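Just below is one structure, and these are the notes that go with it.
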Amino acid sequence: MTTTAVKDGEFRIKPSTFRNTISKDPDAIFTPEKLVYCNGVSCRSSWLFKLLFFVVLALCRDRYHLYIARSCPFSHRAAIVRALKRLEDIIGLSVVDSVMSEKGWKFSTPEETPGCIPDTVNNAQYLNELYFKVNPDYDGRYTVPVLWDKKLQAIVNNESSEIIRIFNDAFDDFVPETRGKTFYPKHLASEIDKINDWIYNKINTGVYKCGFAETQDDYMNHIGLLFEALDDVEAILSKNKFLVGNTFTEADIRLWTTIVRFDPVYHTLFKTNLKTIKHDYPNILRWTRQIYKIPKVADTVNMTHIKNGYFKNMKKINPHGIVPVYDGPDLSL
Ligand SMILES: N[C@@H](CCC(=O)N[C@@H](CS)C(=O)NCC(=O)O)C(=O)O
186 MTTTAVKDGE
196 FRIKPSTFRN
206 TISKDPDAIF
216 TPEKLVYCNG
226 VSCRSSWLFK
236 LLFFVVLALC
246 RDRYHLYIAR
256 SCPFSHRAAI
266 VRALKRLEDI
276 IGLSVVDSVM
286 SEKGWKFSTP
296 EETPGCIPDT
306 VNNAQYLNEL
316 YFKVNPDYDG
326 RYTVPVLWDK
336 KLQAIVNNES
346 SEIIRIFNDA
356 FDDFVPETRG
366 KTFYPKHLAS
376 EIDKINDWIY
386 NKINTGVYKC
396 GFAETQDDYM
406 NHIGLLFEAL
416 DDVEAILSKN
426 KFLVGNTFTE
436 ADIRLWTTIV
446 RFDPVYHTLF
456 KTNLKTIKHD
466 YPNILRWTRQ
476 IYKIPKVADT
486 VNMTHIKNGY
496 FKNMKKINPH
506 GIVPVYDGPD
516 LSL
């Protein structure tokens with residue numbers, strides 16, 4: 186993970202570049218598809234053509250593919266919704282190495298780095314190859330997550346908040362098991378949007394604002410705002426099971442991926458050490474454990490990737506790349 190700061194004194198994440206959606210709309214470029222369509226092969230096609238066609242078909246069975254880093258809290262949102270909507274057979278997955286190279290995120294084999302899944306779709310060695318494939322003049326950041334379209338050889342979207350909305354309903358026709366299960370219910374939408382904005386500014390990016398502060402005043406200011414917001418979350422969760430309407434929504438998922446990293450990473454690396462989740466926020470801890478126990482969620486957490494992804498990559502604030510031993514509170518309790 187590199188520093189994503191815009192250099193004007195305050196940390197900010199630059200807006201993502203690819204912002205398409207997947208929709209059933211007849212005019213949509215990206216439509217929900219499970220299989221690549223079979224036009225072009227008929228009984229009269231030669232056996233060699235048919236054989237080649239079906240080999241290609243087998244190789245690109247599903248249309249969309251997700252690229253993530255296990256360390257990245259934004260990728261983590263997409264991994265959770267993919268798992269909870271049971272999209273594993275619809276959306277393929279590649280997991281980059283937690284330790285970045287000079288060229289950014291790189292792919293490794295699971296033998297080289299346990300937990301990695303190489304890129305068998307584009308056979309890329311580095312994530313930046315995908316961005317250049319789509320636009321040879323691309324000069325933005327090469328970020329994860331990336332939702333890739335194998336059919337059009339295009340990046341559908343590289344903004345996690347939008348990818349999770351796509352996963353929430355676009356593929357419902359293919360997975361009866363989770364059809365209609367929503368993390369963005371219409372009647373709670375405006376409340377979810379409001380809390381998402383607040384949490385994004387104060388907590389999701391608040392931790393980075395502390396970590397990358399370059400003056401004491403700046404750090405003090407952001408620490409105050411961060412812990413004020415965490416205190417407010419603690420108050421909400423002391424009355425409610427979840428953040429919005431006592432319903433498990435995307436607002437919980439978006440905050441949860443930051444909270445899981447709070448004690449083992451941000452508290453130390455970003456100096457957000459006024460309080461810990463484990464000792465000072467009993468209701469946030471209860472909520473974190475509750476979500477961890479939702480089937481399939483625990484599988485999305487790889488604490489080795491998370492710690493390496495921060496402590497080994499952020500050389501500017503941790504020059505020797507030493508990774509602390511603590512993994513955070515036991516979430517399985
Ligand atoms: N707005 C993006 C932010 C994604 C993002 O910042 N990803 C980081 C890892 S957590 C990244 O890939 N950084 C690589 C870089 O900046 O070169 C989202 O939410 O999807």
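The sequence shown begins at 186 in the numbering used here and counts up one residue at a time. Idealized CB from N, CA, C, for every residue including glycine. Note that the coordinates shown come from a computational prediction; the quantities given were computed from them, not determined experimentally.
Which complete alpha helix (DSSP H) runs does the stretch 395-427 hold, if anything under 4 residues is left out?
Correct list: 401-424.
Item to check | CB contact flag (VAL508, LYS497, <8 angstroms) | outcome: A contact, by the Cβ cut-off of 8 angstroms.
request  = Would you list the one or two residues that DSSP bridges to TRP333?
outcome  = DSSP output for TRP333 lists HIS250 and ILE340 as bridge partner(s).
Q: For the alpha helix (DSSP H) holding VAL280, just list the boundary residues, first then last.
A: DSSP places VAL280 outside any alpha helix (DSSP H); the residue lies instead in the beta strand (DSSP E), whose first and last residues are 276-280.
Label HIS505 either buried or exposed according to how many other C-beta atoms from any shown protein chain fall within 10 Å of its C-beta, with 16 as the threshold for buried. Counting the other CB atoms within 10 Å of its CB gives HIS505 a total below 16, which places it among the exposed residues.
Q: Can you check DSSP and say which residues form a bridge with ILE302?
A: Beta-bridge partners of ILE302 (DSSP): VAL280.
Practice problem: Using only alpha-carbon positions, find the residue among ARG471, LYS336 and PHE433 that is nearest to GLU218. | Solution: Nearest option by C-alpha distance: LYS336.
* Among TYR495, LYS379, PHE259 and GLU413, which residue has its Cα nearest to the Cα of VAL429? -> Of the residues TYR495, LYS379, PHE259 and GLU413, the one whose Cα lies closest to the Cα of VAL429 is LYS379.
Determine the burial state of PRO321: buried for a count of at least 16 other Cβ atoms within 10 Å of its Cβ, exposed for fewer. Of the residues assessed, PRO321 falls on the exposed side of the cut-off, its CB having fewer than 16 other CB atoms within 10 angstroms.
- [ ] With a threshold of 16 other CB atoms inside 10 Å of the CB of ILE340, please say whether the residue is buried or exposed.
- [x] Buried: at least 16 other Cβ atoms inside 10 Å.
Range of the contiguous alpha helix (DSSP H) that encloses PRO258
DSSP places PRO258 inside the alpha helix (DSSP H), whose first and last residues are 258-269.
Would you mind reading off the limits of the alpha helix (DSSP H) that contains HIS464? Under the DSSP assignment, HIS464 falls in the alpha helix (DSSP H) whose first and last residues are 462-465.
| field | DSSP three-state assignment for VAL429, whether helix, strand or coil | value | Strand.
Original post:
Closest by CA to TYR249, which one among GLN475, THR434 and GLY277?
Top reply: Looking only at GLN475, THR434 and GLY277, the smallest Cα-Cα distance to TYR249 is reached by GLY277.
* Asked: How about PHE447 and TYR393: do their beta carbons lie closer than 8 angstroms?
  -> Cβ distance not < 8 angstroms, so PHE447 and TYR393 don't count as in contact.
Item checked: Where ALA243 falls: helix, strand or coil (DSSP) -> Any answer about ALA243 is weak, because its pLDDT of 47 lies below 50 and its placement is not dependable; what the coordinates show is given next. Looking at ALA243 - three-state DSSP - the assignment turns out to be helix.
### Query
So, helix, strand or coil for GLY325, using DSSP?
Looking at GLY325 - three-state DSSP - the assignment turns out to be coil, as it is neither helix nor strand.
- Under the rule that 16 or more other beta-carbon atoms within 10 Å means buried, what is HIS464, buried or exposed? So HIS464 counts as exposed.
Q | Chain-order list of residues whose beta-carbon lies under 7 angstroms from that of CYS528 (same chain, five-residue window excluded) | A | Look at the range of the chain in this structure, 186 to 518, and you will see that residue 528 is not part of it.
Put SER375 into one of helix, strand or coil per three-state DSSP.
Correct three-state label for SER375: helix.
Strictly by DSSP, which residues pair up with ARG204? Partner(s): ASN342.
Alpha-carbon to alpha-carbon, ASN381 and ILE444: So the two alpha carbons sit approximately 14 angstroms from each other.
request  = With DSSP collapsed to three states, give me the class of LYS492.
outcome  = Correct three-state label for LYS492: helix.
- For ligand 1, is there a heavy atom less than 7 angstroms away from the beta-carbon of SER375? False, no ligand heavy atom lies under 7 angstroms from that Cβ.
Taking only three categories from DSSP, how would you classify VAL311? Going by the sequence as given, residue 311 is Tyr instead of Val. In the three-state DSSP reduction, TYR311 falls in the strand class (E or B).
Straight-line gap, THR434 to LEU233 (C-alpha atoms, nearest Å) = Cα to Cα, THR434 sits roughly 50 angstroms from LEU233.
Original post:
For ILE438, which three-state DSSP category applies?
Top reply: DSSP places ILE438 in the helix class (H, G or I) of the three-state scheme.
Looking only at its chain, what residues have a beta carbon closer than 8 angstroms to the beta carbon of ILE275, apart from the 5 residues adjacent to it on each side?
Exclusion of the five residues before and after ILE275 leaves LYS219, ASP247, TYR249, PHE356, PHE359 and VAL360 as the residues of its chain whose Cβ lies within less than 8 angstroms of its Cβ.
Proximity test, TYR385 beta-carbon vs ligand 1 heavy atom, cut-off 7 angstroms
Taking non-hydrogen atoms of ligand 1 into account, the C-beta of TYR385 is found less than 7 angstroms away from none of them.
Taking only the alpha-carbon atoms, compute the straight-line gap between HIS372 and THR363 and give it to the nearest angstrom. Here the C-alpha atom of HIS372 lies approximately 19 angstroms from the C-alpha atom of THR363.
Would THR442 and ARG262 be called neighbours here (beta carbons separated by less than 8 angstroms)?
At the C-beta level, THR442 and ARG262 come within 8 angstroms of one another.
Quiz item: Hey, is VAL306 close to ligand 2, as in C-beta under 7 angstroms from one of its heavy atoms?
Solution: The model depicted lacks ligand 2 and carries ligand 1 instead.
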